[in-house]
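Asks: Those protein sequence lines, which keep their order, are chains A and B. Be aware that the first sequence starts at 34, since it is given in the working numbering, and climbs by one per residue. Be aware that the second sequence starts at 8, since it is given in the working numbering, and climbs by one per residue. Cβ coordinates follow ideal geometry from the N, Cα and C atoms, glycine included.
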Amino acid sequence: MAKQRNVYVISGGVTKFAKAHPDMDFRLMVKKAFDYAMNDVPSLEAKDIGSSRISYFSDHFTRQIMAASMVQDTLGLNPKDSRRVEWGGATGGQCIQAGWEAIASGRNDICLVAGFETMSRVETWKGNEFIALASDTNFDYPVGGFYTGYYALMVQRHIYEYIRKTKFAEIKDEKEAQKLATREAMRIMSMVSVKNHMNAMYNPYSQRPMKLTVDDVLKSDMVAYPLNRHNICTMSDGAAVMILASEDVARQYTEKPVLIKGVGCGTDTMRLADRPYGAVPLFDWERKKDYANLRYPGVHSFRSGRIAAIEAYKHAGIKNPNKELSFIELHDAFTSSEIQTYEDLGLCKYGEGYDFVERGSPFLANIDYGLELQNKGAMPVNPSGGLIACGHPIGATGVMQGVFALWQLQGRIKKHFGDDSLQIKNAKRGLIHSHAGTGCAVTVSILEAV
Amino acid sequence: MVRKFDRFRDLIAEVKKSGAAIYNNPAGTEDLVVLSPYSIDYIHSYAQDSKFFMSLEEGKLMGSVCKKCKYKYGTPRSHCMECGNETEWFELPLEGKVHSWTTCYFGSEEFLNETPFNLALVEFEDVDTLFLSRLMGPKMEDVFTGMKVRAEFRRDKRHLVSDVYFVPAE
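#1: Just tell me which of A/Met268, A/Leu260, A/Thr246, A/Val414 has its CA closest to the CA of tyrosine 112 of chain B.
#2: Output needed for alanine 257 of chain A: all residues of its chain with C-beta closer than 6 Å, excluding positions within five of it in sequence on either side, in chain order.
#3: Check whether the Cβ atoms of leucine 363 of chain A and asparagine 408 of chain A lie closer than 8 Å to each other.
#4: Please look up how many angstroms separate the CB atoms of glycine 25 of chain A and phenylalanine 118 of chain B, rounded, as I've assumed it's under 8 Å.
#5: Could you give the distance in angstroms between the alpha-carbon of arginine 154 of chain A and the alpha-carbon of phenylalanine 94 of chain A?
#6: List the residues of chain B whose Cβ lies closer than 8 Å to the Cβ of tyrosine 193 of chain A, in chain order.
#7: Run through DSSP, which three-state label would aspartate 206 of chain A get?
#8: Residues of chain B with a CB under 8 Å from the CB of glycine 178 of chain A: which are they?
#9: Helix, strand or coil: which one does DSSP assign to isoleucine 221 of chain A?
#10: Could you name the residues of the same chain whose beta carbon sits closer than 6 Å to that of arginine 336 of chain A, not counting the 5 residues immediately before and after it, in chain order?
#11: On a CA-only basis, which of A/Ile361, A/Leu327, A/Asn399 is nearest phenylalanine 437 of chain A? Give me that one, please.
#12: Buried or exposed, going by whether 16 or more other CB atoms sit within 10 Å of the CB of lysine 448 of chain A?
#13: Going along the stretch 201-229 of chain A in order, which residues come within less than 7 Å of chain B, judged by CB to CB distance?
#14: Here's the rule: buried if 16 or more other CB atoms are within 10 angstroms of the residue's CB, otherwise exposed. What is histidine 51 of chain B?
#15: Can you give the beta carbon distance from glycine 114 of chain B to asparagine 161 of chain A, rounded, assuming they're within the 8 Å contact cut?
#16: Can you name the residues of chain B whose CB is closer than 8 Å to the CB of glycine 182 of chain A?
#17: Measure from the C-beta of phenylalanine 335 of chain A to each C-beta in chain B and report whether the shortest distance is under 8 Å.
#18: Decide if leucine 18 of chain B is buried, meaning its Cβ has at least 16 other Cβ atoms within 10 Å, or exposed.
#19: If the criterion is Cβ atoms closer than 8 Å, does the pair arginine 161 of chain B and leucine 101 of chain B meet it?
#20: Once DSSP output is grouped into helix, strand and coil, what is the label at phenylalanine 60 of chain B?
#21: Taking only beta-carbon atoms, is threonine 94 of chain B less than 8 Å away from chain A?
#22: Considering only C-alpha positions, which residue in the set A/Ala325, A/Cys266, A/Val274 is nearest to methionine 71 of chain A?
#23: Return helix, strand or coil for cysteine 128 of chain A, following the three-state DSSP convention.
#24: Can you tell me where the alpha helix (DSSP H) holding tyrosine 41 of chain A begins and where it ends?
#25: What residues from the stretch 295-322 of chain A come within 8 Å of chain B, judged by C-beta to C-beta, listed N to C?
#26: Would valine 41 of chain B be called buried (16 or more neighbouring beta carbons within 10 Å of its own) or exposed?
#27: Counting only beta-carbon atoms, is phenylalanine 97 of chain B nearer than 8 Å to chain A?
#28: Measuring only the C-alpha atoms, how far is glutamine 240 of chain A from isoleucine 29 of chain B?
#29: Here's the rule: buried if 16 or more other CB atoms are within 10 angstroms of the residue's CB, otherwise exposed. What is phenylalanine 97 of chain B?
#30: Would the stretch 45-62 of chain B and the stretch 56-70 of chain A be scored as touching if the rule is three or more Cβ pairs under 8 Å?
#31: Under 8 Å, do serine 484 of chain A and phenylalanine 163 of chain A count as touching if we go by C-beta distance?
#32: Closer than 8 Å, CB to CB, is valine 22 of chain B near chain A or not?
#33: Can you list, in chain order, the residues of its chain whose CB lies under 7 Å from that of glycine 103 of chain B, leaving out five sequence neighbours each side?
#34: How about glycine 393 of chain A and glycine 148 of chain A: do their beta carbons lie closer than 8 Å?
#35: Could you tell me whether any Cβ in chain B is nearer than 8 Å to the Cβ of alanine 366 of chain A?
#36: Ends of the alpha helix (DSSP H) at arginine 190 of chain A?
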């Protein structure tokens with residue numbers, strides 16, 4: 034990484050994520066999140082903000098082109114520099130990194146990062162159609178364009194590679210072996226669903242807090258085999274903002290600025306069908322022989338996520354994420370992709386994601402999930418409840434993760450949530466992960482308490 | 008869910024006759040929510056992908072092969088993702104294997120009345136990448152990764168990629 038200025042997060046705000054906010058359009062949602070963030074740093078005035086980066090995913094949902102311009106207008110930030118940032122589901126994460134660039138480059142001292150989405154403006158099946166338009170409209174969409182279907186295709190192969198070929202390697206009957214492997218994966222994915230919905234019970238901003246059992250998840254409606262309802266995020270209305278500042282000014286506004294220690298971004302083909310079958314890009318602690326027989330990424334893993342993590346860890350000087358990170362907020366649009374992402378981020382090797390869950394590593398130590406877990410709290414993942422339980426207003430989602438990570442690292446979860454159950458004790462470093470398409474782009478950013 | 012969908016369709020039909028209508032007015036609020044229809048007819052050129060769609064009419068499935076590095080694509084693309092060079096067309100085999108699959112019980116509005124349906128990523132021998140298609144016929148219980156499948160073509164062509172679909176080969 035070439036020379037750059039240090040960039041800090043000094044404040045954040047989110048609206049409650051909800052199925053619909055008929056009382057607020059996108060402008061008012063962003064304004065409310067913005068006012069919340071401004072109130073948290075009372076000495077900051079709007080005139081001090083040098084620029085803004087505004088993100089939303091879909092013009093179809095807004096049916097208002099240049100909606101970002103109307104946000105800029107509503108916040109009273111004209112005539113300053115601003116632009117829209119968009120890259121599918123990773124829109125929020127990309128927006129944070131665009132804000133980081135505005136400051137790291139020396140262009141601005143303070144930059145506002147704001148994201149929103151208003152998905153309630155159409156019924157769910159139409160929303161599914163809009164989202165599926167973010168797949169190749171010549172070759173993917175007309176076949177039955179549906180993102181849950183695409184993620185089901187990916188996890189089916191993940192199960193085949195990592196459960197069928199290992200735990201059930203002895204079984205000769207192919208169909209039977211695959212059925213057993215999928216049943217095993219569904220049980221473990223359900224544990225992730227129980228975790229994220231339970232964490233959200235303590236997060237007042239979440240849309241779908243629930244106390245569930247593995248059985249409840251398994252019995253929920255099948256959407257695209259093997260993904261059933263409680264393994265999938267919902268559509269939401271919501272907004273989130275972060276205020277970023279340079280090293281020179283950050284401490285003028287808060288005693289607890291949080292450093293953006295590392296950024297990374299990776300990409301991959303739009304079409305799942307085009308994914309190559311090559312070698313795994315390795316972390317420093319991995320060896321080629323770890324993956325001697327693995328053809329990668331295929332459709333079972335996210336190469337973009339791996340590349341983003343390699344860049345971000347290098348930038349932040351992280352050599353052992355399990356020791357050096359205190360928590361992770363990752364893009365769990367599906368419980369399957371949460372498990373796939375553990376492996377991309379190097380929390381475990383490829384193929385060990387299911388064991389990582391069974392050991393209890395991504396669960397919070399102090400929360401009762403009604404599950405027997407040995408290694409609870411080793412690496413808390415999605416303490417906020419993630420997308421599965423908080424909701425997924427696409428353009429706001431990545432920014433929401435940034436706000437929750439900020440509050441964790443400031444030790445101020447109680448102040449903002451009114452309850453400290455989700456506060457990770459002595460949180461020092463957090464990772465946020467934002468993910469687009471079927472893995473067409475992933476951002477990883479690492480935040481550090483200073 | 009489907010009944011909700013039918014009611015929604017009826018409401019849309021009414022709106023189309025009479026113009027925008029009140030969708031709901033949440034009790035005790037002053038928020039007015041209206042239905043506002045919107046449709047578009049695109050003039051869409053398949054451009055450099057056209058040959059693939061025209062070949063479907065002849066019962067052929069076309070892929071691309073890189074002129075320089077010989078990387079073979081099961082779904083066509085004009086330029087190689089590995090080296091950036093131009094590709095040329097080649098005829099794909101009409102038989103392959105299921106690389107991965109799912110059965111969709113819900114989906115986008117356009118395909119909702121076709122549920123449940125199977126999606127499959129199909130792999131072809133000696134071809135480097137895959138092809139996404141519908142797998143018609145088998146019930147969810149009978150599909151598996153590695154299953155042999157063959158291509159069939161719709162008789163009433165719509166000039167969509169779904170003019171080709173796969174069925175079990177044995």
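Replies: Once the coordinates are examined:
#1: A/Leu260
#2: Thr181, Gly182, Ala185
#3: In this structure, asparagine 408 of chain A does not lie closer than 8 Å to leucine 363 of chain A by Cβ.
#4: This structure does not reach residue 25 of chain A, given that chain A is present from 34 up to 483, and the question cannot be answered.
#5: 6 Å
#6: What tyrosine 193 of chain A touches in chain B: Ser107, Thr152.
#7: coil
#8: In chain order: Gly114, Ser115, Glu117, Phe118.
#9: helix
#10: The answer, listed in chain order, is Asp301, Pro330.
#11: A/Ile361
#12: Around the beta carbon of lysine 448 of chain A, a 10 Å sphere encloses fewer than 16 other beta carbons of the protein chains shown; the residue is thus reported as exposed.
#13: If the cut-off is 7 Å between Cβ atoms, the stretch 201-229 of chain A has Glu207, Lys208, Gln211 near chain B.
#14: exposed
#15: 6 Å
#16: Thr109, Cys111, Gly114, Leu126
#17: no
#18: exposed
#19: no
#20: helix
#21: no
#22: A/Val274
#23: Cysteine 128 of chain A: helix per DSSP, three-state reduction.
#24: That residue, tyrosine 41 of chain A, is in no alpha helix (DSSP H); its beta strand (DSSP E) goes 40-47.
#25: Thr302, Arg304, Leu305, Ala306, Asp307, Arg308, Pro309, Tyr310
#26: Its Cβ having fewer than 16 others within 10 Å, valine 41 of chain B is exposed.
#27: Chain A contact via Cβ: absent.
#28: 26 Å
#29: Classification of phenylalanine 97 of chain B: exposed, given that the 10 Å Cβ count is below 16.
#30: no
#31: Residue 484 of chain A lies beyond the residue range present for chain A, which begins at 34 and ends at 483; the question has no answer from this structure.
#32: no
#33: Val129, Glu130, Phe131, Val156
#34: no
#35: Alanine 366 of chain A is outside the set of residues whose beta carbon lies under 8 Å from a beta carbon in chain B.
#36: Per DSSP, arginine 190 of chain A belongs to the alpha helix (DSSP H) from 180-192.
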